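The sequence shown maps to residues -27 to -1, 1 to 48 in mature numbering (1 follows the signal peptide of the UniProt record, and there is no 0).
Every residue, glycine too, gets a C-beta built ideally from N, C-alpha and C.
Just so it is clear, the structure is predicted and the values come from calculations on it, not from any experiment.
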Amino acid sequence: MFGRLTHYAFDAVLLSAFLAGVKRSTGLTPSLNSDKITDNKDIKKWVDSYLGVGEWMMDQSVAVMGSSAWFERRR
């Protein structure tokens, strides 16, 4: 049970980070207009927090990879 929950949580964070990466590299954003989903403020806050986790994960990944010798920046 705990393993399955951990797996789903990891998948959710991975999807959120993927969406953040798409947003950063292409400028495209998910059209999750929380006003169209529901009027519940708690759900709107959850959606914003969920997407914020992906942004944070993306920032942390870029920072770790940028300081690692295994990766180099090419432009």
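Among the options, the one whose alpha carbon lies nearest that of residue i
i          : options           : result
residue 26 : -23, -27, -9      : -9
residue 24 : -24, -22, -3, -16 : -16
residue 32 : 12, -3, 47        : -3
Whether residue i touches residue j by CB criterion (8 angstroms)
i           : j           : result
residue -6  : residue -14 : no
residue -12 : residue 30  : yes
Inter-residue Cα distance where the pair is residue i and residue j
i           : j           : result
residue 42  : residue 34  : 14 angstroms
residue 15  : residue 36  : 31 angstroms
residue 45  : residue 28  : 21 angstroms
residue -26 : residue -20 : 10 angstroms
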